[in-house]
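Student:
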Amino acid sequence: CLVFLPSCQPVATDGCSTLSMIIAMPDSDMPRYPVFQSAAALCVGVGSFSDPSDLPGLAHFLEHMVFMGSEKYPSENGFDAFLKKHGGSDNASTDCERTIFQFDIQRKNFKEALDRWAQFFICPLMIRDAIDREVEAVDSEYQLAKPSDSHRKEMLFGSLAKPGHPMGKFCWGNAETLKQEPKRMKINVYKRLRAFWKKYYSAHYMTLAVQSKVVPVGKVHALNITWALPPQEKYYRVKPLHYISWLIGHEGTGSILSVLRKKCWAVALFGGNSETGFDQNTTYSIFSISITLTDEGFQNFYKVTHLVFQYLKMLQTLGPQQRIYEEIQRIEANEFHYQEQIDPIEYVEDICENMQLFPKEDFLTGDQLMFEFNPEVISAALSLLTPEKANLMLLSPEHEGQCPLREKWFGTQYSMEDIQQEWMEQWTGNLELNADLHLPAENKFIATDFTLKPSDCPDTEFPVRIADSDRGCLWYKKDNKFKIPRAYVRFHLISPVIQQSAKNVVLFDLLVNILGHNLAEPAYEAEVAQLEYKLVAGEHGLVIKVKGFNHKLPLMFHLIIDHLADFSASPDVFSMFAEQLKKTYFNILIKPEKLSKDVRLLILEHSRWSMVDKYQALTAGLTTEELTEFSRSFRAELFAEGLVQGNFSSAESVQFLQYVTDKLQFSKLTAEVPVMFRVVELPQKHHICKVKSLNKGDANSEVTVYYQSGPKALREHTLMELLVMHMEEPCFDFLRTKETLGYHVYPTCRNTSGVLGFSVTVETQATKFNTELVELKIEEFLASFGEKLNALTEEAFNTQVTALVKLKECEDTHLGEEVDRNWAEVVTQQYVFDRLNREIEALKQMTRDELVSWFKEHRGQSSRKLSVHVVGFGAEENDEEGSGEKQEEKGKDEDLRSSAYGEVSKLTFLPASPKVEGAIAIMDIPAFTEGLPLFPYHKILK
1 CLVFLPSCQP VATDGCSTLS MIIAMPDSDM PRYPVFQSAA ALCVGVGSFS DPSDLPGLAH
61 FLEHMVFMGS EKYPSENGFD AFLKKHGGSD NASTDCERTI FQFDIQRKNF KEALDRWAQF
121 FICPLMIRDA IDREVEAVDS EYQLAKPSDS HRKEMLFGSL AKPGHPMGKF CWGNAETLKQ
181 EPKRMKINVY KRLRAFWKKY YSAHYMTLAV QSKVVPVGKV HALNITWALP PQEKYYRVKP
241 LHYISWLIGH EGTGSILSVL RKKCWAVALF GGNSETGFDQ NTTYSIFSIS ITLTDEGFQN
301 FYKVTHLVFQ YLKMLQTLGP QQRIYEEIQR IEANEFHYQE QIDPIEYVED ICENMQLFPK
361 EDFLTGDQLM FEFNPEVISA ALSLLTPEKA NLMLLSPEHE GQCPLREKWF GTQYSMEDIQ
421 QEWMEQWTGN LELNADLHLP AENKFIATDF TLKPSDCPDT EFPVRIADSD RGCLWYKKDN
481 KFKIPRAYVR FHLISPVIQQ SAKNVVLFDL LVNILGHNLA EPAYEAEVAQ LEYKLVAGEH
541 GLVIKVKGFN HKLPLMFHLI IDHLADFSAS PDVFSMFAEQ LKKTYFNILI KPEKLSKDVR
601 LLILEHSRWS MVDKYQALTA GLTTEELTEF SRSFRAELFA EGLVQGNFSS AESVQFLQYV
661 TDKLQFSKLT AEVPVMFRVV ELPQKHHICK VKSLNKGDAN SEVTVYYQSG PKALREHTLM
721 ELLVMHMEEP CFDFLRTKET LGYHVYPTCR NTSGVLGFSV TVETQATKFN TELVELKIEE
781 FLASFGEKLN ALTEEAFNTQ VTALVKLKEC EDTHLGEEVD RNWAEVVTQQ YVFDRLNREI
841 EALKQMTRDE LVSWFKEHRG QSSRKLSVHV VGFGAEENDE EGSGEKQEEK GKDEDLRSSA
901 YGEVSKLTFL PASPKVEGAI AIMDIPAFTE GLPLFPYHKI LK
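For what it's worth, UniProt numbering labels the leading residue of the sequence shown as 1, then goes sequentially.
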C-alpha cells in the first residue's frame, strides 16, 4: 500500500537465576580508557512490547520510577546529587524488548555509586507521592517527541501492523495512558507498577557490564520504502542486511543516489536497519530505504521508486558478490582493530546489550564484525525485498489538508491508497534492468599501510606552529600517546566577505552545500574506507575536517581542495539546493530551542545575521551567477589556518598547507578578519523578549533566563563552571522533580564571543504552563539556590572543587578529544593549548567566599538579566485554538497550510504581563540594541 503523510527474542541465559556480568579491565586487550572514570550499564530484557494493553507506556514509566530513591538511600534525587558531586552522569532508555540504565563516575567513588545504583533494582522506593509528579516528566518527554518526524513515522508504521502485534503498541506513555485513563477505569497504577517491576526486574533477565579497575512537522519531501522481514538477528555472523544496505546506500557511480542526483530528484538516501528495538527484535526485522526528495523528485516519486526496484532486481539477478563482501569485511576489521576508544559509559551500555544478543565469545565483536560470507543467507533476505511486499510512505507538506486519517498517539495525519495499477504491473511483471545502475568498482581508498611513523622533530606536549606566512599558518603535533595509524587534518579558510550581508551568508551556505554535493560521488569510496570528511560553513570561514587512516588521507584532502578550486554549480543543482536550504532554515526556525538561541544571539552579538534574515534573503531570490561571483570573491582573499595531529611527520604535514595555497592561489587578507563578534553590554535591568513559536499548533515552549557577566579572565570562567556544577542537581530537583515544569531543565555556562554569563533553561508545554509562570519559578529556584550556597560548608565546597579538578584531569579517551580541544583554540585564535592545566591551577586557589559573592553579584537589582521566551500554542497561553490537537481538529475542507506552517519570515513579539514585575519587554530587537555600548573584542587568554 501507499501511505501519504504531511511532513513532518526471549533473553538468553545460562540456565540459572543469577545476573550475567562482564568486567572490562583496562590492562586487557580491549581498548584503553581514561584513568579516572569508571562506568556500569545494566540491560533488563524487557521493554515496551511487554506493556499491558490497558497501561501503554508502563515499561517506560517504570524506567523513570526506579530512580526515585531506594530503601537504603531514600533521598529522591540522592543518586544524581552524589554523581554531580563526584563528576559523574547517568541516563536510561526504554526500547521495545530491552531497558538500559548506565552511569559513570570518578573511579575512587565507583564502589559507593555502584551500591547506590544497585539499590534501585534491589529495593526501589517507588512511593505513591512521586508517581503523579513523574507522570508529568514522562508526558513532557512525549510532548517533546511529538513534533519529530522520525518518531511520527515510527508510530504510524507501527499502527499499520496486524491487530494484536506488539509493534502497534504506544511505547512512550503519557498523562492520558498513565494517569487520566487509569483513573477512569479504576486501575491502581501504583500496584501494577510494582507488579511489573517484581515480574521483570529479576536477575535472570539482566546483564551487567562494568568498566573499572575492578504532517511532517518539518518541511521535507521524503519517500520511505519499508519491508518487514523475518527476524535476522540470528544471522549476526553473516549480517545480510548490512551487506544489502551497504550497496543500497552506496553513493558512488552506478548507485541509486548517483542516478537520482544527476536527475536532481534527491539529495540523500539511507538504507538498512537501524538496530533499534523497533527495527530489530525477536518478532521481525525492518529493512527501510529513506530518500530525501527535491520538489522535482516528489513530483516523480513513482519513477524514483521504480529506480529502487530496478536496483534490487539487479542485486537479486547478480546474487551476493564475494569480492564486495570481503571488501566490507576488511573495512570493518580495520575499523575494529584500530578503533579509537570511546567513553566508558557508552562502552558498557553497548556491551551489556550485546550480552543479551550474542554468545559469550562474541560479546565484544558480535555487533561489529562480518564473520562469514554465506550467499544463501544473503540471497534469502534479498529475495524478500520485492515490490509486492513493500510499504511506501510519502511525506510532504504538499499533503496538508488532504489526509483524513489520524494516528492515535502522535496525531499524525495520513491517507492510504493502492499503488497505481500501471506501476504495479511494471514492478510485478518482468522488471527490466537499468543500464545506469551497476555494482561499485574496487575501492582504492582502503588503507593497507598501518606502520607508525618515527618523529622527524622533537616531540611536544602541545601543538607548535611549524609554518607561518601572510597567507596561512600550520599547527602540528605528532601523536606518540595513542599510537594508532590515524590522523586528523583541519583547516579554517577565513574570509572577509561572508559576514558582509545576510545574502552573502546564504550564498556561503549554498556554496558549502553544493561543494558537498559535488564531492559526494568521488569521495564516497574514501568515506566507506573510514576516511571521514566534514565541511562546515563557519561564521567567518570554511572549516574542512578530514580524519581516518593516514595512509590514504592526503588523497581525500586533495580531492576536497581540488573541488573547491574548480567550484561550479549548474542551474538545476543551484535551484535544487536553494529549495533544500529554504527547508533547512524553516526546520530550524520551527524548533523552539533553535529559535530561542537565534533570538538570544541576535540580541547579544553585534552585526549577526539571524536565521529570519537568512530566510528572507533566500526567499527574495538568488541566482547561479550570484553564487559564481560569490565563490570567486570568497577564494580571492583568504587566510588558511590548519592543524595536523596523528601519524604524520612534520615534513608531511607542511604539505597540506602548501597544497591549499598552491591550488587555491588566493591573495593575503588586506585587513585582519576577527573570528568572533563584538557583544552588546546589556543594561543593568531585567529585559524580556517573548516571541511566539513559529510552528503553529506546537505546544512546546522554551524559557531561558540569562545573566551577563562581561569580558572576563580564565579564572572567572572556571569559577562560573564551578557554580553551574553546583547548580545542576538542585535545578533538576526543584524545576523538574518537584515543580514538574518539563522534561529538559538545565543551567549552562555561556561564553558568547569571549563574554561570560550563565543561564537556566526550561522546556515546557503551553498546554500545562504559561512561560511567565515558568520564569517566576526559575527565579524562585535561583533564590533558594542562593540560600543553599550561603549555607555551603567548606567541606562541601572542597568536594565539588575536587570533582571538577578530577574531570579536567581525566585523560582523553581517544585522539579525537585532544584534537577537538586543540582545534577550539586554533579556530578562535586563542592558542591557549594548556587551558585545562591553567583552569586546574585556578580551581585549586578558589575559595568558598569567592563563589558565593560571585553569584550574589549577578543576582542583585543591578544585574544584567535577559529572559528569552519562545511561546508555544496552548490554553495556558490563552490561544483560542488551544493545544496542537485542537488545532488539527478543524474542518478537513479548510486549507490548513497556513496554520500548520505559519509565517516564518518574521517574528511575532509578545508583551510581558505585570506578573513579571519590573521587566522591560523587547518588542523590536534592532531598536533595543541600537544605543547600547559594545564590549571590545575579547579572548579568554589568562
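Just so you know, even glycine gets a beta-carbon here, dropped at the ideal spot from N, CA and C.
Owing to the predicted nature of the structure, the values given are computational and were not obtained by experimental measurement.
Please classify residue 592 as buried or exposed, where buried requires at least 16 other C-beta atoms within 10 Å of its C-beta.
Tutor: Buried is the call here.
Student: For residue 473, which of 870, 692, 668 and 765 has the nearest alpha-carbon?
Tutor: Checking every option, the nearest Cα to that of residue 473 belongs to 668.
Student: So what's residue 941 in DSSP terms, helix, strand or just coil?
Tutor: Here residue 941 sits in coil by DSSP.
Student: Is the region 283-303 touching the region 248-264, taking contact as three or more C-beta pairs under 8 Å?
Tutor: Touching, per the Cβ criterion.
Student: Below 8 Å on the Cβ atoms is my guess for residue 369 versus residue 410; work out the distance and round it to an integer in Å.
Tutor: The Cβ separation is near 37 Å, so there is no contact.
Student: Would you list the residues sitting across from residue 413 in a DSSP beta bridge?
Tutor: Paired residue(s): 406.
Student: Between the C-alpha atoms of residue 205 and residue 770, what's the straight-line distance to the nearest angstrom?
Tutor: So the alpha carbons of these two residues sit roughly 43 Å apart.
Student: Classify residue 25: buried if its beta carbon has 16 or more other beta carbons within 10 angstroms, exposed otherwise.
Tutor: Its pLDDT being 40, under 50, residue 25 is placed unreliably by the model, and nothing is read from it.
Student: Below 8 Å between beta carbons: does that hold for residue 334 and residue 479?
Tutor: Cβ atoms of residue 334 and residue 479: not closer than 8 Å.
Student: Over the uninterrupted alpha helix (DSSP H) stretch that includes residue 143, give me the two end residues.
Tutor: Counting along the chain, the alpha helix (DSSP H) containing residue 143 begins and ends at 128-145.
Student: Of the residues 750, 374, 347 and 108, which one's Cα is nearest the Cα of residue 239?
Tutor: The shortest C-alpha separation from residue 239 is found at 374.
Student: Note down the Cα distance separating residue 555 from residue 202, rounded to an integer number of angstroms.
Tutor: Answer to the nearest angstrom: the Cα atoms are 54 Å apart.
Student: Could you tell me the boundaries of the beta strand (DSSP E) in which residue 476 lies?
Tutor: Start and end: 472-478.
Student: By Cβ distance, which residues of its chain are closer than 8 Å to residue 814, with the 5 residues on each side in sequence left out?
Tutor: These residues qualify, in order along the chain: 340, 341, 342 and 482.
Student: Taking Cβ to Cβ, would you say residue 627 is nearer than 8 Å to residue 511?
Tutor: Yes; because the gap between Cβ atoms is below 8 Å, this pair is in contact.
Student: With a CB to CB cut of under 6 Å and the five nearest residues on each side skipped, what residues in its chain are close to residue 465?
Tutor: Only 473 and 475 meet the Cβ criterion.
Student: Here's the rule I'm using: 16 or more other beta-carbon atoms within 10 Å means buried, otherwise exposed. How should residue 97 be labelled?
Tutor: Buried: at least 16 other Cβ atoms inside 10 Å.
Student: Rounded C-beta distance between residue 600 and residue 704? I'm assuming under 8 Å.
Tutor: That belief holds up - the Cβ atoms of residue 600 and residue 704 are roughly 6 Å apart, short of 8 Å.
Student: Pick from 270, 859 and 552: whose alpha carbon is nearest that of residue 523?
Tutor: Checked all of 270, 859 and 552; the closest Cα to residue 523 is 552.
Student: Would you mind sorting residue 725 into buried or exposed? The rule is 16 or more other CB atoms within 10 Å of its CB.
Tutor: Buried, since its Cβ has 16 or more Cβ neighbours within 10 Å.
Student: Beta carbon of residue 679, beta carbon of residue 605: below 8 Å?
Tutor: Yes, Cβ-Cβ distance for residue 679 and residue 605 is below 8 Å.
Student: Taking DSSP's pairing of strands, which residues face residue 692 in a bridge?
Tutor: Residue 692 is bridged to 871.
Student: Does residue 567 come out as helix, strand or coil in the three-state DSSP assignment?
Tutor: In this structure, residue 567 counts as coil in the three-state DSSP scheme.
Student: At what residues does the beta strand (DSSP E) containing residue 926 begin and finish?
Tutor: Looking at the DSSP string, residue 926 is not in any beta strand (DSSP E); the run it does join, the alpha helix (DSSP H), is 925-930.
Student: Per the contact definition of three or more C-beta pairs closer than 8 Å, is the region 116-127 in contact with the region 746-760?
Tutor: Too few Cβ pairs lie closer than 8 Å, so no.
Student: Return the chain-ordered ranges of every alpha helix (DSSP H) run that is complete within the region 722-771 and spans a minimum of 4 residues.
Tutor: Runs found: none.
Student: Go ahead and label residue 923 buried or exposed: buried means 16 or more other beta carbons lie within 10 angstroms of its beta carbon, across all protein chains shown.
Tutor: Exposed, by the Cβ-count rule.
Student: Rounding to the nearest angstrom, what Cα-Cα distance links residue 54 and residue 733 in this structure?
Tutor: So the alpha carbons of these two residues sit roughly 31 Å apart.
Student: Just to confirm before moving on: does the CB-CB distance between residue 776 and residue 716 stay below 8 Å?
Tutor: Against a cut-off of 8 Å, the Cβ pair of residue 716 and residue 776 comes out as no contact.
Student: Three-state secondary structure (DSSP) at residue 428?
Tutor: The answer is helix: DSSP assigns residue 428 an H, G or I state.
Student: So who's on the other strand from residue 235, going by DSSP bridges?
Tutor: In the DSSP output, where bridge partners are listed per residue, residue 235 has none listed.
Student: Any contact between the region 142-153 and the region 185-198? By contact I mean 3 or more CB pairs, one from each, below 8 Å.
Tutor: Flag = no, the region 142-153 and the region 185-198 do not touch.
Student: Using a threshold of 8 Å, state whether the C-beta atoms of residue 867 and residue 590 are closer than that.
Tutor: Result no, Cβ atoms of residue 867 and residue 590 do not sit closer than 8 Å.
Student: Whole-angstrom Cβ separation of residue 38 and residue 110, contact assumed at under 8 Å?
Tutor: Confirmed, Cβ separation roughly 4 Å.
Student: Would you check if the distance between the CB atom of residue 535 and the CB atom of residue 516 is smaller than 8 Å?
Tutor: In contact: residue 535 and residue 516 (Cβ atoms closer than 8 Å).
Student: Pick from 189, 382 and 360: whose alpha carbon is nearest that of residue 247?
Tutor: The option with the nearest alpha carbon to residue 247 is 382.
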